[in-house]
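Residue numbers (the UniProt record's numbering): 1 to 710. Don't be surprised by glycine CBs; every beta carbon is placed ideally from N, CA and C.
As C-alpha cells, this is what we get:
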C-alpha cells in the first residue's frame, strides 16, 4: 500500500516534501477532461500495477467509477489510470482504495479545453509589434494583470522598423522601409519571415479544419483593438492571423524575394519593455526559404480571407504569385548572409528544408488557383522525397532516411514538408492528381500517425516522440495534432488517433514527468520564470505562452523553470501556434452569446502565486550556483553591449553572497516543507525589474553554456 507521505496531490496547496519531489503521485491535465474524450492519468507507483483505483465525486466522496491500474510498456514504476467510460460532467478526484490521500479535483465538462485555445491566442496578442497593446478585455478565467496590479501590455513599439544597409541587408545605401507590425518572436523582439510564415500556416490550417468552432471564439482582444478591424468585422481569430500576414507582406522586396528577418544586430533589451527598446533594427538579406514561405502562406491566406476581406485576399495571392516567380528564377537554395546578426537566425542548411517549403508553396498555389503548373511542381517536389513507406514508419531516431520521407515525424520551421504533403492529400481540386503518388504519401502519413499512437500508448506520460528532446519539443508535440487530425481526414475517423492527439495536449497541461502545466498562467504550477523579456521586466510571467520544454540529452526531466533557461524555458510563436491548433478542435462557443452575457469575472492573481507550489522538482546542491563571470565577452553577446556585460558582472559580485544565503534558506525551507523563496532575485529599478543576472542551475544545465546562434 502506498504510504500517505508519498501521495502528493496534483494541485495541492502545500509544497511536496523532499522525498516526493521526484514526481507527483498523480499526473494528469489539471484543466480536466471532455465527456466523450479519453481520460488518462499516470500514477507514480512503488509497487506493481493491477490494483484498483476509484474516481470520487469531489464534494461527497461517493465512488463514481472504479477501474484497474495497468502497466506501461516503457515505464516500470508508473501505472495507467484509464477512466474514459466516465462521461458525466462534474468535479472529481482520483484515489486508491484504502488510502486517505487523493488527487486534486478536476472537472469533466464540454468547455474545459476552451482555456488553452484562448490563452494561446492571448500570447499572440501580447506579442504584437508596431502598435500599443492595451490591457486584455475582461473574460472569465483570464488573468489580465500582474500581482502588483500592472495590466499586461505595452505602448506602441518599434514603429520605425526598419533599416536596410550594406552590412545587414547587402544594399548599397542605408534607407528606411516600413516593416512595422507582426509579432515579437521568442524571448527577444526580433521578427522572422520563415517562422512567421510557418506559424501562419499552422494557424490557417486550424481555421480550415475547425472554422465552425473558431468563428465565435473570444480571445480577449480589447474592444478598441477589435474596432480597428475592417468592414465587415473579422472573427477574433482571423483578426490575429491577419495581423501576422500583413507584416509578412511587408517583407517582400521589389523583385518578389523576401527578407529573411528584421532584428537588431545583437540580442538586447533584457530589462526593457518593447516600447523602451532603443536599438536600431535592420532587414536582413533575402533567402529562397523565406520567399517560399510567403508564397505558401500568401496563397493559403487568399482562400482563408476571401469571404471576409476580399481586397486583402487579393493582395495575398498577388504577393504569393510574385514570390513563386522569384523562386522559379532561383531554383537552387539561397541562404542569406546573416553574419551581421547576433540574434536567433531561423536558418537551416539542409537542402530538404528548402525543398519542403517549395512543396508547400506549390501545393497551396494549386489549391487556390487550380493552375496545373503548380500541381506539376508540387508532384515533382513530393516525388523527390523517395524513401519507402516501410522506412518512414519509424521515427527519425531509428533510421537515417527520414530526410527523404514524404511525411516527416516532425513539423517545424526547419521541416515544413508536412504542410505541403497534407495539402496535397486533402486537395479539393483532386481530379488531376497522381493516384500512385497520392497512395504513397497516404501510406507514409498513416505510418507516422501510427508511430505516434504506438509511442503514446507505451509511454507513462503519453510521449509520442519516443523520448526525443529538442529545442521547442513542446511546440513539436502540440503540432502533432495537425498530423494526427489530417490522418483522420485522409484515412477516416479513428478513435486511437483522436485520443492520441487529446493525450498529447494533456501532456502539455500536466500529464508529464513534472506534473505541471507548460503554459504560463494556465493550470497547475505553470512556468513562473519564462525566458521572455516582458515577463522579466514585470518579474511575473505574462499569460498565454507555451514554453519550450525538455531539451538536450537529459530526457524528459531536462527542463528548468528559470528566466535565463533559453534552451528549455523560452517562448516562440510557432510553439503557440501548435497549442492553438491542438486545442482548437475542442473549443466550444460561449453560451449565451457575448452580447447577452453578464459581467465577466477576470482572475486577478494566478493560483500559482498563492498555493506555494514548488518551482523546482528537486533541490540543487549549493555547488550548482551558476554565474557567468568566467565567460568571454563574445559568449555574452546575448546581453548586448560590452558595458552591459561589465555591469552584469559587477552585479554578480555584489549579489553572490546574498544569493548563496538565500539558496541555503531555500533548501532548508524545502526540507522543512515550507514555501521556498523565489529562485531568481530581481531588484526593483524605477518601477520595473532589472535583469536577473544571478541564477542557480542544476548540474550540467544549459545555463552554463551560451551561444548567440540558435
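What does the Cβ neighbour count give for residue 148, buried or exposed, with the cut at 16 atoms within 10 Å?
So residue 148 counts as exposed.
Among 180, 339, 86 and 40, which one has its Cα closest to the Cα of residue 70?
It is 40 whose Cα lies nearest to the Cα of residue 70.
Got a sec, what are the start and stop residues for the beta strand (DSSP E) residue 55 sits in?
Residue 55: member of the beta strand (DSSP E) spanning 52-57, first to last residue.
Residue 583 versus residue 565 - alpha carbon distance:
Rounded to whole angstroms, residue 583 to residue 565 spans 26 Å at the Cα level.
Mind checking who residue 192 pairs with in its DSSP beta bridge?
Paired residues: 261.
Over what stretch of residues does the beta strand (DSSP E) that includes residue 70 continue unbroken?
First-last of the beta strand (DSSP E) with residue 70: 70-72.
Would the region 163-171 count as touching the region 236-245 if we require 3 or more Cβ pairs under 8 Å?
Because the criterion of three Cβ pairs below 8 Å is not met, the region 163-171 and the region 236-245 do not touch.
With distances taken between CB atoms, is the gap from residue 479 to residue 464 smaller than 8 Å?
It is not a contact, given that the beta carbons lie outside the stated cut-off.
What are the complete alpha helix (DSSP H) segments, minimum 4 residues, inside the region 465-551?
For the region 465-551, whole alpha helix (DSSP H) runs of length 4 or above, ordered along the chain, are 473-491, 495-508 and 533-538.
Where does residue 671 land, buried or exposed, given buried means 16+ other C-beta within 10 angstroms?
In this prediction, residue 671 has a pLDDT of 37, which is less than 50 and means its spatial position is unreliable; what the coordinates show is noted afterwards. Flag for residue 671 reads exposed.
When DSSP labels each residue in this structure, what does residue 608 get in the three-state scheme?
Residue placement at residue 608 is poorly supported in this model, since its pLDDT is 39, which falls under 50; the coordinates are not used for a value here.
Using 10 angstroms around the beta-carbon of residue 173, count the other beta-carbons present and answer buried if the total reaches 16, otherwise exposed.
Taking all protein chains shown into account, residue 173 has fewer than 16 neighbouring C-beta atoms within 10 Å of its C-beta and is therefore exposed.
Using 8 Å for Cβ pairs, my map puts residue 432 next to residue 375. What's the rounded Cβ distance?
Correct: roughly 6 Å between the Cβ atoms.
Runs of alpha helix (DSSP H) lying entirely within the region 418-462, each at least 4 residues, in chain order
Complete alpha helix (DSSP H) runs here, min 4: 435-458.
Just grab the DSSP bridge partners of residue 27 for me.
As a beta-bridge residue in DSSP terms, residue 27 pairs with 42.
Which of the three DSSP states is assigned to residue 641 in this structure?
Low confidence applies to residue 641: its pLDDT is 40, below 50, so where it sits in the model is not reliable, and the reading given next is rough at best. Residue 641: coil per DSSP, three-state reduction.
So, with DSSP's three-state summary, where would you put residue 597?
Unreliable positioning characterises residue 597 in this predicted model, as indicated by a pLDDT of 34, which lies under 50. A coordinate reading is not provided.
Measuring only the C-alpha atoms, how far is residue 347 from residue 510?
In a straight line, the C-alpha of residue 347 is about 32 Å away from that of residue 510.
Kindly indicate which residue of 334, 272, 52 and 35 has the alpha-carbon position closest to the one of residue 155.
It is 272 whose Cα lies nearest to the Cα of residue 155.
Can you tell me which of the three DSSP states residue 582 falls into?
Here residue 582 carries a helix assignment [DSSP, helix/strand/coil].
Cβ shell of residue 178 (< 8 Å), same chain only, five flanking positions each side left out
Shown here for residue 178: same chain residues with a beta carbon closer than 8 Å to its own, the five before and five after excluded, namely 161 and 250 in chain order.
Tell me the DSSP secondary structure of residue 388 in three-state form.
Assignment of residue 388 by DSSP, reduced to helix, strand and coil, places it in the coil class.
Over the uninterrupted alpha helix (DSSP H) stretch that includes residue 567, give me the two end residues.
For residue 567, the enclosing alpha helix (DSSP H) has its first and last residue at 566-569.
Under the three-state reduction of DSSP, which class applies to residue 563: helix, strand or coil?
Coil.
At what residues does the alpha helix (DSSP H) containing residue 182 begin and finish?
Residue 182 -> no alpha helix (DSSP H), and no H or E assigned at all.
Would you kindly report the start and end of the unbroken alpha helix (DSSP H) that includes residue 293?
First-last of the alpha helix (DSSP H) with residue 293: 288-304.
Can you give me the C-alpha to C-alpha distance between residue 194 and residue 108, rounded to a whole angstrom?
Each residue's alpha carbon lies about 39 Å from the other.
Among residues of its own chain, excluding the 5 on either side of residue 442, which ones have a beta-carbon nearer than 8 Å to its beta-carbon?
Result list for residue 442: 425, 490 and 491, in chain order.
Which term fits residue 152, buried or exposed, when burial requires 16 or more other beta carbons within 10 angstroms of its beta carbon?
It is buried - the Cβ of residue 152 has at least 16 other Cβ atoms within 10 Å.
Go through its chain and collect everything with a Cβ distance to residue 340's Cβ below 7 Å, but skip five positions before and after it.
Counting only Cβ-Cβ distances below 7 Å, and skipping sequence neighbours, we find 167, 168 and 265.
So who's on the other strand from residue 92, going by DSSP bridges?
Residue 92 pairs with 57 and 106.
Start and end residues, alpha helix (DSSP H) containing residue 351
Per DSSP, residue 351 is one residue of the alpha helix (DSSP H) stretching across 351-369.
Since residue 116 and residue 579 are thought to touch, with beta carbons under 8 Å apart, how far apart are those beta carbons, to the nearest angstrom?
Your pair residue 116 and residue 579 checks out as a contact, with CB atoms roughly 6 Å apart and the cut at 8 Å.
Who does residue 175 pair with in a DSSP beta bridge?
When beta bridges are read from the DSSP output, residue 175 appears opposite 164.
Inter-residue Cα distance where the pair is residue 570 and residue 364:
Using only the alpha carbons, I get a separation of about 31 Å.
In whole angstroms, what is the alpha-carbon distance linking residue 253 and residue 338?
Their backbone Cα atoms lie some 17 Å apart in a straight line.
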